[in-house]
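Visitor: Here my numbering runs 5 ahead of the position in the sequence shown, where the first position is 1. Where a beta carbon is used, it is the ideal one built from N, C-alpha and C, also for glycine. Predicted model only: the values in this text are computed from it and were never measured.
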Amino acid sequence: QHHHQQIIHSISQLRLDNTERPIVLDFQEQITKVEAIWALTVAQRGYSFNSCDEIGDVFHHMFPDSKIAQKFSMQSRKTSYVLSHGLGPYFHQELIKSLKPAILKTAILDSLKADGLELKQLLMLGRDSPFVNLSLENMIENEMKKVGCGLLKLGGCHLHVAHNGFKAGLSSTDWNIHNKRIDIYSWFKQSPARKEDLIDIISDCNCVIEKTILYFTNTRWVLLGKVITRVLTLWEPLHEYFLMYLPVNKKQQVENNDRYERIKESLTSYVIKIRLQFVLFLCETIFDRFLTLFQQEAPHIHLLYYELSLLYRLVLLQFLTSDCVGDKVEGEGARKLLSNLTQKERETFYEDVRTIYHTIAEYLKKNLPLRNSFLRDIQIFHPSYRSVQYSDDIVRISRTVPGLLSDQEIDYTRDEWLNYSLENIDETWYIKEKKKDYLGAEIVIYHRIDYYWNKVLSITTTDSRQKYSTLSNLIKNILIIPHGNADVERSFSINENIVPENRSLLSDSSINGLRSTYDSIKFAGNGSNHKAYIRLFYLYLIFAIS
6 QHHHQQIIHS ISQLRLDNTE RPIVLDFQEQ ITKVEAIWAL TVAQRGYSFN
56 SCDEIGDVFH HMFPDSKIAQ KFSMQSRKTS YVLSHGLGPY FHQELIKSLK
106 PAILKTAILD SLKADGLELK QLLMLGRDSP FVNLSLENMI ENEMKKVGCG
156 LLKLGGCHLH VAHNGFKAGL SSTDWNIHNK RIDIYSWFKQ SPARKEDLID
206 IISDCNCVIE KTILYFTNTR WVLLGKVITR VLTLWEPLHE YFLMYLPVNK
256 KQQVENNDRY ERIKESLTSY VIKIRLQFVL FLCETIFDRF LTLFQQEAPH
306 IHLLYYELSL LYRLVLLQFL TSDCVGDKVE GEGARKLLSN LTQKERETFY
356 EDVRTIYHTI AEYLKKNLPL RNSFLRDIQI FHPSYRSVQY SDDIVRISRT
406 VPGLLSDQEI DYTRDEWLNY SLENIDETWY IKEKKKDYLG AEIVIYHRID
456 YYWNKVLSIT TTDSRQKYST LSNLIKNILI IPHGNADVER SFSINENIVP
506 ENRSLLSDSS INGLRSTYDS IKFAGNGSNH KAYIRLFYLY LIFAIS
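Now the structure itself:
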């Protein structure tokens, strides 16, 4: 057994792309390598297992002069087994190994114990709303206190707060804009004939109607702006279709049809159209930038406090002057339509706009973490804050993260920050590009924050020691804090792609294997399956058993 362990440890580690020291593989090892790459490709691309049947024959005919292609053999059952019982569990084990020496972001007690992770490695719990799962958080907090640590508490997902603030504003009136947009979408849903009739009216239509009339999701309220944009773009064709074409050519469809009557009212009312223009202005001017920024995968936790404050400030700006409700706050598109309203309709519209802004402001004031000193302090991780004046901030940050640093290490962070502040750092480490806008003003595009800190934390001393070892531990654990739940929700789309309706019979082990492999290709292989890292011995074991 001891001799067997020595053999295992002596086997080289295999990376499926070219390495600095090329590994010489024998013929069987090369076959194993290409079969592993194919299994990774199946997981990454969402191919069905049945698509692997006879794929070997395809490669045999495509590459008749390749001995490796002639020996390639990956049928559906073998691919399924390799992913569900081989590569999937392997990548899961690698994930757990990487978590054990680091800080785990989100987990539940049982899963921590099952994977051999200590409770003190738990950093925080993420959730959609700051008011859900509080009992779970308190329970885990109490358990963590028993081992001398605690949770970092940042509330819920701030993207949800923005959406819900927008929802609260619109719900404070009787506009029901979302229901009116759903009516139009539902009219064409599951009706190819109706879609075709509208397409015939739309000139130069190059896309199917589902991509023209967007569906509104009631959990993503700000996306209502994109739905309204499509409706306003097609306003004239929709007007012609519902008000001219249907009454003449499809009388039976519109008789005693409540949905048609609601749509007809929407298309003939200047009041409703001006409401649409205002909601679109609200989305595009105040909310879209914030949501677009924080839907990204890059670490943005250091930007969160500033952007949340800016979002709140943009709403408050609407109340600066006594005549604030004018063309400044309802948008140019809405302003142009005001002349079509009666005096009473204009007064009612302005009053509704005031109510919407006031409700949004109250909701954001109540739910945004604008007094969170931790979020305010971690702004200093942006390159522009590299200064000795923020040495107290770095100490406060070090104290706030429970159980991460010892008292001595907290003292070290101040010294390392002072050294970092005086460091001669190349501008190219944080500035990706400089360009001019149409007015000639300079625009600076920054690198991702993790790119910048990877450069800084790689600096060594003259004796090759890491210069900022304590800062490295702190900053890496700060930057893994999610700025929202966008990544979690993106995973739902990934799952849907991996397990579509025609693959509903896949076992849990197959699904877990596919997902673990997919994620590992993304992070370990930079999205390329041939660059994913797998130990050679484990490949032998997987393919020998399969």
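Would you decide whether Tyr95 is buried or exposed? Buried here means 16 or more other CB atoms lie within 10 Å of its CB.
Guide: On the sequence shown, position 90 is the one that residue 95 refers to. It is buried - the Cβ of Tyr95 has at least 16 other Cβ atoms within 10 Å.
Visitor: Could you tell me which uninterrupted alpha helix (DSSP H) segments, each at least 4 residues in length, are contained entirely in the segment 215-283, listed from first to last along the chain?
Guide: Counting only runs of 4 or more, we get 229-238, 240-245, 251-254, 256-259, 263-273.
Visitor: Can you give the Cα-Cα distance for Glu260 and Trp192, rounded to whole angstroms?
Guide: Looking up residue 260 in the sequence shown gives position 255. Looking up residue 192 in the sequence shown gives position 187. The alpha-carbon atoms of Glu260 and Trp192 are separated by roughly 14 Å.
Visitor: Does DSSP classify Phe466 as helix, strand or coil?
Guide: Taking the first residue of the sequence shown as position 1, residue 466 is located at position 461. Going by the sequence as given, residue 466 is Thr instead of Phe. Coil.
Visitor: Decide if the segment 183-191 is in contact with the segment 225-240; the criterion is three or more beta carbon pairs, one per stretch, under 8 Å apart.
Guide: yes
Visitor: Would you decide whether Thr465 is buried or exposed? Buried here means 16 or more other CB atoms lie within 10 Å of its CB.
Guide: Counting from 1 along the sequence shown, the entry for residue 465 is found at position 460. Exposed is the call here.
Visitor: With contact counted as at least three CB pairs below 8 Å, one residue from each stretch, are the segment 268-287 and the segment 338-358 in contact?
Guide: yes
Visitor: What would DSSP say about Val166, mapped onto helix, strand or coil?
Guide: The residue labelled residue 166 in the question sits at position 161 within the sequence shown. Looking at Val166 - three-state DSSP - the assignment turns out to be helix.
Visitor: Where does the unbroken beta strand (DSSP E) through Tyr3 begin, and where does it stop?
Guide: Outside the modelled stretch of the chain, which goes from 6 to 551, sits residue 3, for which no answer is possible.
Visitor: My understanding is that Ala167 touches Phe54, with C-beta atoms under 8 Å, so please give their C-beta distance in whole angstroms.
Guide: As a working note, residue 167 is residue 162 in the sequence shown. As a working note, residue 54 is residue 49 in the sequence shown. With a Cβ gap of about 41 Å, Ala167 and Phe54 do not count as contacting.
Visitor: Measure the alpha-carbon distance for Leu124 versus Lys102 and round it to whole angstroms.
Guide: Taking the sequence shown and counting its residues from 1, the one referred to as residue 124 is at position 119. Taking the sequence shown and counting its residues from 1, the one referred to as residue 102 is at position 97. Approximately 15 Å, taken between the alpha carbons.
Visitor: Going by DSSP, name the residue or residues bridged to Lys440.
Guide: By 1-based counting over the sequence shown, the position of residue 440 is 435. According to DSSP, Lys440 bridges with Ile448.
Visitor: Where do the N-terminal and C-terminal ends of the alpha helix (DSSP H) with Thr364 fall, by residue?
Guide: Here residue 364 refers to the residue found at position 359 when the sequence shown is read from its first residue. Its alpha helix (DSSP H) spans residues 348-372.
Visitor: Around the C-beta of Gln555, are 16 or more other C-beta atoms found within 10 angstroms, so that it is buried, or is it exposed?
Guide: No answer is possible for residue 555: it lies beyond the span of the chain, which begins at 6 and ends at 551.
Visitor: Once the 5 residues before and after Ser78 are set aside, which same chain residues still bring their CB inside 8 Å of it?
Guide: Within the sequence shown, residue 78 is the residue found at index 73, counting from 1. Answer for Ser78: Glu40, Gly61, listed in chain order.
Visitor: Mind checking whether Ser392 and Ser426 have CB atoms under 8 Å apart?
Guide: Within the sequence shown, numbered from 1, the residue matching residue 392 stands at position 387. Within the sequence shown, numbered from 1, the residue matching residue 426 stands at position 421. For Ser392 and Ser426, yes; Cβs fall inside 8 Å.
Visitor: In three-state DSSP terms, what is Gln323?
Guide: What you label residue 323 is simply residue 318 of the sequence shown in a count that begins at 1. Note: Gln323 maps to helix in three-state DSSP.
Visitor: Who are Gln471's beta bridge partners in DSSP?
Guide: Against the sequence shown, residue 471 aligns to sequence position 466. Looking at the DSSP assignment, Gln471 forms a beta bridge with Thr465.
Visitor: Determine the extent of the alpha helix (DSSP H) in which Gln413 is found, giving its start and end residues.
Guide: Taking the sequence shown and counting its residues from 1, one reaches residue 413 at position 408. Note, Gln413: alpha helix (DSSP H), 412-426.
Visitor: Between the C-alpha atoms of Lys437 and Asn459, what's the straight-line distance to the nearest angstrom?
Guide: Counting from one through the sequence shown, the residue named residue 437 turns up at place 432. Counting from one through the sequence shown, the residue named residue 459 turns up at place 454. When rounded, the distance between both Cα atoms is 15 Å.
Visitor: Quick check: what's the CA-CA separation for Leu141 versus Pro407?
Guide: For the purposes of this step, residue 141 is taken as the residue at position 136 of the sequence shown. For the purposes of this step, residue 407 is taken as the residue at position 402 of the sequence shown. Their Cα atoms are separated by approximately 18 Å.
Visitor: Quick one, are the C-beta atoms of Leu164 and Asn490 less than 8 Å apart?
Guide: Walking along the sequence shown from the start, residue 164 turns up at place 159. Walking along the sequence shown from the start, residue 490 turns up at place 485. The beta carbons of Leu164 and Asn490 sit closer together than 8 Å.
Visitor: Helix, strand or coil: which one does DSSP assign to Leu127?
Guide: Along the sequence shown, read from residue 1 onward, the residue named residue 127 stands at position 122. The answer is strand: DSSP assigns Leu127 an E or B state.
Visitor: Taking C-beta to C-beta, are Pro304 and Leu30 nearer than 8 Å?
Guide: As a working note, residue 304 is residue 299 in the sequence shown. As a working note, residue 30 is residue 25 in the sequence shown. Cβ atoms of Pro304 and Leu30: not closer than 8 Å.
Visitor: CA-CA distance, Tyr435 and Tyr457?
Guide: One-based indexing of the sequence shown puts residue 435 at position 430. One-based indexing of the sequence shown puts residue 457 at position 452. Roughly 5 Å between the two C-alpha positions.
Visitor: Quick check: the Cα distance between Tyr246 and Trp180, rounded to an integer number of angstroms?
Guide: Taking the sequence shown and counting its residues from 1, one reaches residue 246 at position 241. Taking the sequence shown and counting its residues from 1, one reaches residue 180 at position 175. Roughly 24 Å between the two C-alpha positions.
Visitor: Near Ile306, which residues of its chain fall below 6 Å by C-beta distance, leaving aside the five closest residues on each side in sequence?
Guide: By one-based count along the sequence shown, residue 306 stands at place 301. Result list for Ile306: Ile486, His488, in chain order.
Visitor: Let me check understanding here. Comparing Cα to Cα, which of Glu432, Tyr417, Leu375, Gln413 lies closest to Ser389?
Guide: The residue labelled residue 389 in the question sits at position 384 within the sequence shown. Of the listed residues, the one whose Cα sits closest to Ser389 is Glu432.
Visitor: Shortest alpha-carbon distance to Ala366 belongs to which of Asp397, Lys158, Gln323, Ile454?
Guide: By 1-based counting over the sequence shown, the position of residue 366 is 361. Answer by Cα proximity: Gln323.
Visitor: Would Ile448 be called buried (16 or more neighbouring beta carbons within 10 Å of its own) or exposed?
Guide: By one-based count along the sequence shown, residue 448 stands at place 443. Per the 10 Å Cβ criterion, exposed.
Visitor: Does DSSP put Ile189 in a helix, a strand or coil?
Guide: Along the sequence shown, one-based indexing puts residue 189 at 184. If DSSP states are grouped into helix, strand and coil, Ile189 belongs with the helices.
Visitor: Quick one: is Ile450 buried, meaning 16 or more other Cβ sit within 10 Å of its Cβ, or exposed?
Guide: Taking the first residue of the sequence shown as position 1, residue 450 is located at position 445. Counting Cβ neighbours within 10 Å, Ile450 comes out exposed, since fewer than 16 surround it.
Visitor: Would you tell me roughly how many angstroms separate the C-alpha atoms of His363 and Ser176, rounded to the nearest one?
Guide: Here residue 363 corresponds to residue number 358 of the sequence shown, with the count starting at 1. Here residue 176 corresponds to residue number 171 of the sequence shown, with the count starting at 1. Those two C-alpha atoms are separated by around 12 Å.
Visitor: Hey, is the segment 263-270 in contact with the segment 146-160, meaning 3+ C-beta pairs nearer than 8 Å?
Guide: no
Visitor: Looking at Ile206: is its Cβ nearer than 8 Å to the Cβ of Tyr265?
Guide: In the sequence shown, the residue the question calls residue 206 occupies position 201. In the sequence shown, the residue the question calls residue 265 occupies position 260. No, they are not a contact pair.
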